[in-house]
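**Student:** In terms of our numbering, the sequence shown opens at residue 136 and continues consecutively.
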Amino acid sequence: MCAVFTVVLVANASYAFAASFNNNPNDYATLRVVNYTVYGDINQNWSTSTSGNAGEIMGFAVYYHNTSNETATDVRVRFTPQSTGSGTNHQFNGTVLASNATSVSGSSNVSISSSQSMNYISGTVTWRPNQTISGSQSFLYGQNGTEIFTSAGLRLGDIAPGWNTQGSVVLRLKISNNTPPPPPLPSVSITANPSNINQGNSSSLNWTSTNAASCFASGGWSGTKILSGNQTVSPNQ
Numbered sequence: 136m137c138a139v140f141t142v143v144l145v146a147n148a149s150y151a152f153a154a155s156f157n158n159n160p161n162d163y164a165t166l167r168v169v170n171y172t173v174y175g176d177i178n179q180n181w182s183t184s185t186s187g188n189a190g191e192i193m194g195f196a197v198y199y200h201n202t203s204n205e206t207a208t209d210v211r212v213r214f215t216p217q218s219t220g221s222g223t224n225h226q227f228n229g230t231v232l233a234s235n236a237t238s239v240s241g242s243s244n245v246s247i248s249s250s251q252s253m254n255y256i257s258g259t260v261t262w263r264p265n266q267t268i269s270g271s272q273s274f275l276y277g278q279n280g281t282e283i284f285t286s287a288g289l290r291l292g293d294i295a296p297g298w299n300t301q302g303s304v305v306l307r308l309k310i311s312n313n314t315p316p317p318p319p320l321p322s323v324s325i326t327a328n329p330s331n332i333n334q335g336n337s338s339s340l341n342w343t344s345t346n347a348a349s350c351f352a353s354g355g356w357s358g359t360k361i362l363s364g365n366q367t368v369s370p371n372q
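So this is what it looks like as structure tokens:
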């Protein structure tokens with residue numbers, strides 16, 4: 136009798152992504168920011184951090200460049216957060232991902248001179264593909280741009296490799312303007328009864344102050360006074 140033995144060999148394959156993003160030394164940062172109120176967004180002032188004041192607008196750009204030799208499929212970009220709580224320093228994150236590429240992320244910071252929140256300006260998401268630096272190409276698949284704030288991301292379709300297809304998705308957030316107004320100036324209303332007296336006679340002074348922390352008298356009467364009250368005086372003159 137002969138026995139037949141069958142040997143099955145199983146090899147563990149490690150999957151390598153075909154495409155890659157933003158790993159060229161000349162690439163921009165994945166997420167950049169600029170003070171749009173001061174500089175606009177077509178300039179040399181994009182950076183990974185900037186500063187601003189209450190009421191100003193900040194521009195953000197999520198950058199992508201397929202640095203591989205393969206087409207990146209179903210490319211998407213994400214941006215968080217859409218709005219922030221109050222504070223003087225805010226961090227934002229941008230991510231580029233594809234079905235056949237490892238995702239890449241970057242962060243940018245905005246420092247504000249006073250404690251403020253930041254909120255997305257509706258309708259400001261624009262797509263600038265293929266090295267364009269202004270305008271916007273229509274979004275694919277019926278999207279409106281706000282998909283960039285979702286976990287799935289804003290879909291850009293397939294991106295061929297090379298410098299010619301590099302691009303960015305730009306959006307803007309506005310700093311709130313919750314700076315309290317300056318306190319009103321203090322004032323005082325004062326009357327004398329009678330308003331005319333002979334030397335040596337008395338008059339009753341009545342006064343009421345508004346927005347005052349303290350009152351101080353000088354001239355025919357003197358010293359620290361209560362905020363509102365009355366006092367009989369007999370001036371020498």
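Positions of the beta carbon are idealized from the N, C-alpha and C atoms, including for glycine.
State the start and end residues of the unbroken alpha helix (DSSP H) segment that holds V173.
**Tutor:** As a position in the sequence shown, residue 173 is number 38, starting the count at 1. Unbroken alpha helix (DSSP H) run through V173: 171-174.
**Student:** Throw me the rounded Cβ distance for the A153 and S218 pair, which I believe falls under 8 Å.
**Tutor:** Position 18 of the sequence shown, counted from the start, is the residue given in the question as residue 153. Position 83 of the sequence shown, counted from the start, is the residue given in the question as residue 218. Actually they are not in contact, since the Cβ atoms of A153 and S218 sit about 36 Å apart, beyond 8 Å.
**Student:** Going by other Cβ atoms of all chains shown within 10 Å of its Cβ, with 16 needed for buried, is A348 buried or exposed?
**Tutor:** Within the sequence shown, residue 348 is the residue found at index 213, counting from 1. Classification of A348: exposed, given that the 10 Å Cβ count is below 16.
**Student:** Name the residue from A207, V260, P296, V197 whose alpha carbon lies nearest to the alpha carbon of T183.
**Tutor:** Reading the sequence shown from its first residue, position 48 is the one you call residue 183. Minimum Cα distance to T183 is reached at V197.
**Student:** With 16 other CB atoms within 10 Å as the buried threshold, where does Y276 fall?
**Tutor:** Against the sequence shown, residue 276 aligns to sequence position 141. Exposed.
**Student:** Taking T237 as the reference, give the member of P216, N158, F227 with the closest Cα.
**Tutor:** Reading the sequence shown from its first residue, position 102 is the one you call residue 237. Checked all of P216, N158, F227; the closest Cα to T237 is N158.
**Student:** Distance, Cα to Cα, C350 vs T223?
**Tutor:** Reading the sequence shown from its first residue, position 215 is the one you call residue 350. Reading the sequence shown from its first residue, position 88 is the one you call residue 223. Rounded to whole angstroms, C350 to T223 spans 37 Å at the Cα level.
**Student:** Identify whether G229 lies in helix, strand or coil by the three-state DSSP scheme.
**Tutor:** Mapped onto the sequence shown, residue 229 falls at position 94. It is a strand residue.
**Student:** Can you tell me whether T202 is helix, strand or coil according to DSSP?
**Tutor:** Working through the sequence shown from its first residue, we reach residue 202 at position 67. Three-state DSSP puts T202 in coil, outside helix and strand.
**Student:** Are the beta-carbon atoms belonging to P296 and T206 less than 8 Å from one another?
**Tutor:** Working through the sequence shown from its first residue, we reach residue 296 at position 161. Working through the sequence shown from its first residue, we reach residue 206 at position 71. Taking 8 Å as the Cβ cut-off, P296 and T206 qualify as a contacting pair.
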